[in-house]
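See below:
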């Protein structure tokens with residue numbers, strides 16, 4: 334199928350994307366993709382450097398006639414989110430992404446596609462390689478670890494870049510020009526508990542929540558998608574309240590920036606309550622599925638009898654845990670009062686692990702307002718501390734404040750309108766975490782903008798990139814490069 338992908342227009346873009354997707358590039362394991370990018374730049378005879386944290390910067394002089402234009406930085410991140418369907422056998426550490434075409438879309442076989450942010454990286458690679466595309470002096474900035482910590486952007490030192498305008502290619506709607514984004518903070522609750530021997534009169538059950546869509550915990554947090562951790566906790570809470578269900582293990586969710594699609598729990602219930610428990614679980618499952626039938630038509634809640642687990646949680650800790658997860662906010666906390674339809678502040682309960690005497694709950698809290706972000710983080714902290722957890726804040730990164738007076742914005746809007754028969758772009762801030770806010774701390778005078786092609790289902794195995802949109806986006810990129818203003 335790689336040959337079919339490479340035949341798509343614009344070939345320069347899709348060929349570089351195919352090259353990129355052949356290289357494993359998980360967050361925090363970017364050694365191979367870093368070397369790949371360094372080889373790419375060096376083979377072109379361009380100045381190529383790796384900074385002390387692993388970002389790669391490739392510099393290319395202006396094309397003839399463009400020497401008097403403002404120098405620019407084109408920026409995308411090298412890492413990708415790794416998610417796969419439960420029945421997909423795939424090793425992200427060693428395998429390249431297997432791509433397929435479905436109508437007007439490119440997607441992957443049961444895994445994330447890596448269009449976020451691989452199409453941005455491929456765009457820049459195609460421009461670096463071309464000897465026909467007009468552009469001013471160009472610095473290509475390829476950052477690492479955007480998806481799990483923004484450590485590349487955080488580690489980029491001031492003074493390395495000379496560009497005056499930054500084009501971030503990490504937006505996922507082709508009619509949107511991004512001028513701001515949310516910041517974020519990781520909220521992690523942990524505690525230890527004593528395990529008890531499971532009484533002989535109890536029998537074991539497994540509970541699985543699966544079939545949810547998942548998705549981007551920023552861009553899609555307002556869509557009403559199911560969160561597997563919240564649904565699982567609802568089931569466990571009901572089982573405990575009505576039948577004395579006891580928890581042995583929970584393993585729910587995966588990455589903080591992905592809405593959790595699956596959760597699995599091992600529990601024990603009294604033998605005397607088995608029939609009533611199974612009846613109640615069937616009824617509750619149908620109720621929950623009915624609630625989510627529009628957004629999550631493939632939701633499954635499966636309750637199966639298994640070998641009785643040897644250990645269960647301390648009763649008091651279990652009671653506190655289920656109540657805390659029930660009380661902890663998941664979803665939208667506040668909409669923006671200044672920008673219509675923009676989520677200002679939200680939280681994703683991304684990960685719940687209960688095993689071998691240890692509890693760990695991982696959340697990602699986002700906001701475009703720093704005070705609101707801390708307010709929600711403290712709300713979560715208080716909720717979990719009330720049940721005896723220790724709570725840690727890590728990975729804090731700032732938002733990107735909108736600049737509606739941006740000079741590059743004033744150039745891009747009329748170009749978009751001309752290319753799209755007068756159609757106006759949606760100039761907006763987004764609820765995702767872009768690197769612009771962080772980069773702006775060391776480069777405060779740099780004029781920044783973000784845009785990209787249509788990408789749907791990012792951070793999930795449903796991720797797909799629209800072919801026709803990539804063509805529209807590519808023309809937009811080339812026109813922007815030609816119209817960068819003079820110094």
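Numbering (this note's numbering), first residue to last: 334 to 820.
Note that beta-carbon positions come from the ideal geometry of N, C-alpha and C, so glycine has one too.
Is the beta carbon of residue j closer than 8 Å to that of residue i?
i: residue 373; j: residue 432; result: no
i: residue 502; j: residue 409; result: yes
i: residue 485; j: residue 477; result: yes
i: residue 542; j: residue 561; result: yes
i: residue 588; j: residue 683; result: yes
i: residue 387; j: residue 413; result: no
i: residue 687; j: residue 580; result: yes
i: residue 787; j: residue 505; result: yes
i: residue 444; j: residue 423; result: yes
i: residue 674; j: residue 701; result: no
i: residue 559; j: residue 632; result: yes
i: residue 350; j: residue 455; result: yes
i: residue 814; j: residue 468; result: yes
i: residue 592; j: residue 473; result: no
i: residue 699; j: residue 759; result: no
i: residue 635; j: residue 529; result: no
i: residue 531; j: residue 643; result: yes
i: residue 470; j: residue 395; result: yes
i: residue 782; j: residue 403; result: no
i: residue 507; j: residue 802; result: yes
i: residue 685; j: residue 596; result: yes
i: residue 804; j: residue 342; result: yes
i: residue 695; j: residue 628; result: no
i: residue 590; j: residue 703; result: no
i: residue 496; j: residue 779; result: yes
Going by DSSP, which residues form a beta bridge with residue i?
i: residue 359; result: 413
i: residue 408; result: 474 and 501
i: residue 689; result: Residue 689 pairs with nothing; no bridge assigned.
i: residue 549; result: 591
i: residue 733; result: 514
i: residue 585; result: 596 and 685
i: residue 393; result: 471
i: residue 763; result: 514
i: residue 347; result: Bridge partners of residue 347: none, in fact.
i: residue 635; result: 541
i: residue 783; result: 501 and 511
i: residue 601; result: 537 and 579
i: residue 402; result: 819
i: residue 433; result: 440
i: residue 383; result: 389
i: residue 789; result: 797
i: residue 646; result: 528
Whole-angstrom Cβ separation of residue i and residue j, contact assumed at under 8 Å?
i: residue 647; j: residue 563; result: Not a contact, Cβ separation roughly 23 Å.
i: residue 304; j: residue 405; result: Any question about residue 304 goes unanswered here, given that the chain covers just 334 to 820.
i: residue 436; j: residue 354; result: Not really, about 20 Å apart at Cβ, beyond 8 Å.
i: residue 512; j: residue 742; result: 6 Å
i: residue 489; j: residue 384; result: 7 Å
i: residue 577; j: residue 603; result: 6 Å
i: residue 692; j: residue 421; result: That pair is no contact at about 29 Å.
i: residue 659; j: residue 680; result: Contact doesn't hold; Cβ gap of about 14 Å is too wide.
i: residue 429; j: residue 357; result: 7 Å
i: residue 439; j: residue 367; result: About 25 Å; that fails the 8 Å criterion.
i: residue 360; j: residue 379; result: That belief does not hold up - the Cβ atoms of residue 360 and residue 379 are roughly 26 Å apart, past 8 Å.
i: residue 491; j: residue 776; result: 6 Å
i: residue 598; j: residue 540; result: 5 Å
Under a CB-based cut-off of 8 Å, is residue i close to chain B?
i: residue 407; result: Absent from the structure: chain B. Only one protein chain is present.
Is residue i close to the ligand ADP? I mean its beta-carbon at under 7 Å from any heavy atom of the ligand.
i: residue 641; result: For the structure depicted, the ligand ADP is absent and the ligand set is empty, with no information on it obtainable.
Quiz item: For the segment 785-798 against the segment 542-557, are there 3 or more C-beta pairs whose distance is under 8 Å?
Solution: yes
Quiz item: Would you say the segment 627-645 touches the segment 665-683, given that touching needs at least three Cβ pairs under 8 Å?
Solution: no
Quiz item: Counting only runs that start and end within the segment 494-546, where is the beta strand (DSSP E) found for 3 or more residues in a row?
Solution: 498-501, 509-514, 516-525, 528-530 and 535-543
Practice problem: Please determine if the segment 649-664 and the segment 711-721 are in contact, where contact requires at least 3 C-beta pairs separated by less than 8 Å. | Solution: yes
Quiz prompt | At least three beta-carbon pairs within less than 8 Å, the segment 695-715 to the segment 610-619 | solution = no
Exercise. Examine the Cβ distances between the segment 564-571 and the segment 513-521 and report whether three or more of them are shorter than 8 Å.
Key: no
Quiz item: Using 8 Å as the threshold, is the segment 459-478 in touch with the segment 745-754, meaning 3 or more CB pairs across them?
Solution: no
Exercise. Decide yes or no for the touch test of the segment 765-781 against the segment 411-428: beta carbon pairs closer than 8 Å, at least 3 of them.
Key: no
Quiz prompt | Start-end ranges of the alpha helix (DSSP H) lying completely within the segment 661-733, minimum 4 residues | solution = 703-718
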